[in-house]
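S.K.: Counting from 1 along the sequence shown, just add 4 to a position and that's the residue number in this note's numbering.
Just so you know, even glycine gets a beta-carbon here, dropped at the ideal spot from N, CA and C.
Values in this document were obtained by computation on a predicted structure and should not be read as measured data.
Take a look at this one; I'll ask things after.
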Amino acid sequence: MARHIGPKSRKSRRVLTRLFPKDDKILAKRNFPPGMHSNARRRISGYGTQLLEKQKAKWMYGVLERQFRRYYARAAKNKGQTGFLLLQYLETRFDNVIYRMGMAQTRPQARQLASHGFFLVNGHPVNIPSYEVKSGDEIRVRPSRVSSKYIQNQMAYLAKYKGPDWLTFDNKEMKGRVLSLPQQADFEASGCR
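Next up, the structure:
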C-alpha cells in the first residue's frame with residue numbers, strides 16, 4: 005500500500021488543525037502553514053475549502069484517495085446525509101475502533117496491530133484494518149497476544165483512558181464491544197465535523 009512517509013506535522017500545519025496526537029506542540033510553535041510564502045495567505049475559494057476538509061479527513065483516518073472515493077460513493081448511494089454517513093463509515097473501520105477503544109495511541113499504530121492479527125472480532129481473527137465493525141460486535145485481544153510486551157505496556161495507558169460512549173472496553177478481560185454506531189455528537193467531540 006502506498007503511504008505518506010514525510011513529516012506528518014506539515015499536514016497539520018497546512019490545515020492549521022490538530023490531525024495527529026503530537027501536533028499540539030508543533031502548532032503552538034508554528035501556527036502558520038508550511039512553505040516560503042506561508043504568511044502571505046491567499047483567500048481560499050469554496051472549492052478549496054471543500055478540498056481541504058476532504059484532505060483533512062483522508063489524512064486523519066489514513067485512507068488513500070481511491071478508498072475514500074468508495075466510501076463517499078457508498079455514502080451518497082444510501083439514504084441520509086452523505087457527510088454524516090461518510091464519517092460514520094470512517095469511524096467504524098476496524099483500525100479506528102481499536103484506536104478509539106484505547107488499544108493503540110495512534111491510528112497508524114492501530115492499523116499495524118490490526119494487520120498483525122492482534123484481535124478477534126466475534127471470536128474470529130481479523131487482520132484487515134478497513135474491516136467494517138457493526139453494532140454489537142465484540143472485539144477482544146487474541147489470547148496468544150495478551151502476554152506480548154506491547155499489550156502489557158498498554159495496560160497503564162488503558163487504566164486512565166476514557167473512550168467514546170458508543171464503545172466499551174474491559175481492561176481485565178481485554179475485550180470491548182461496539183454498543184451502537186457513532187452519532188453526530190460523537191464526531192463533534194472527536195474533532196470531526
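1) Which of the three DSSP states is assigned to Arg74 in this structure?
2) Spatial neighbours of Ile143 within its chain, please: C-beta separation below 6 Å, excluding the five flanking residues on both sides.
3) Do you know offhand how far Asn82's Cα is from Ala32's?
4) With DSSP as the reference, identify every bridge partner of Lys179, one or two as the case may be.
5) To the nearest whole angstrom, what separates the beta carbons of Gln92 and Pro186, a pair I think is in contact under 8 Å?
6) Among residues of its own chain, excluding the 5 on either side of Arg22, which ones have a beta-carbon nearer than 8 Å to its beta-carbon?
7) Starting from Phe123, trace the beta strand (DSSP E) both ways and give me its first and last residue.
8) Using three-state DSSP, classify Arg97 as helix, strand or coil.
9) Exposed or buried, Phe98, counting other C-beta atoms within 10 Å across all chains shown (16 or more means buried)?
10) Are the stretch 163-177 and the stretch 113-122 in contact at 8 Å, needing three or more beta carbon pairs?
11) What does a CB cutoff of less than 7 Å around Gly66 pick up in its chain, not counting 5 residues either side in sequence?
12) Whose C-beta lies closer than 8 Å to the C-beta of Gln71 among residues of the same chain, with five residues either side of it excluded?
13) Tell me the DSSP secondary structure of Pro129 in three-state form.
14) Here's a check: name, in chain order, each residue in its chain whose Cβ is nearer than 7 Å to the Cβ of Gly106, leaving out the five neighbours to either side.
15) Pick out the complete alpha helix (DSSP H) segments inside the stretch 9-87, 4 residues or longer, and give them in chain order.
16) With 16 as the cutoff for other CB atoms within 10 Å, does Lys60 come out buried or exposed?
M.R.: Taking the coordinates as given:
1) In the structure shown, Arg74 adopts helical secondary structure according to DSSP, grouped into three states.
2) Answer for Ile143: Phe123, Val125 and Gly180, listed in chain order.
3) Here the alpha carbon of Asn82 sits roughly 40 Å from the alpha carbon of Ala32.
4) According to DSSP, which records beta bridges pairwise, Lys179 is partnered with Arg144 and Asp174.
5) At roughly 6 Å, the Cβ-Cβ gap stays under 8 Å, so Gln92 and Pro186 are in contact.
6) Cβ neighbours of Arg22 beyond the five flanking positions: Ser16, Asp28, Leu31 and Gly195.
7) Taken as a continuous stretch (DSSP letters only), the beta strand (DSSP E) holding Phe123 covers Phe123 to Val125.
8) Arg97: strand per DSSP, three-state reduction.
9) Answer is buried; the Cβ neighbour count reaches 16.
10) Contact check between the stretch 163-177 and the stretch 113-122: fewer than three CB pairs, one atom from each, fall below 8 Å, which does not count as touching.
11) Taken in chain order, the residues that qualify are Arg111, Pro112 and Arg115.
12) Once the five neighbours on either side are set aside, the close Cβ partners of Gln71 are Ser134.
13) Pro129 falls in the strand class under three-state DSSP.
14) Cβ neighbours of Gly106 beyond the five flanking positions: Tyr161, Leu162, Tyr165, Gly167 and Phe173.
15) Listed in chain order, the complete alpha helix (DSSP H) runs (minimum 4 residues) inside the stretch 9-87 are 12-19, 27-33, 50-65 and 69-81.
16) With 16 or more other CB atoms across the displayed protein chains lying within 10 angstroms of its CB, Lys60 is buried.
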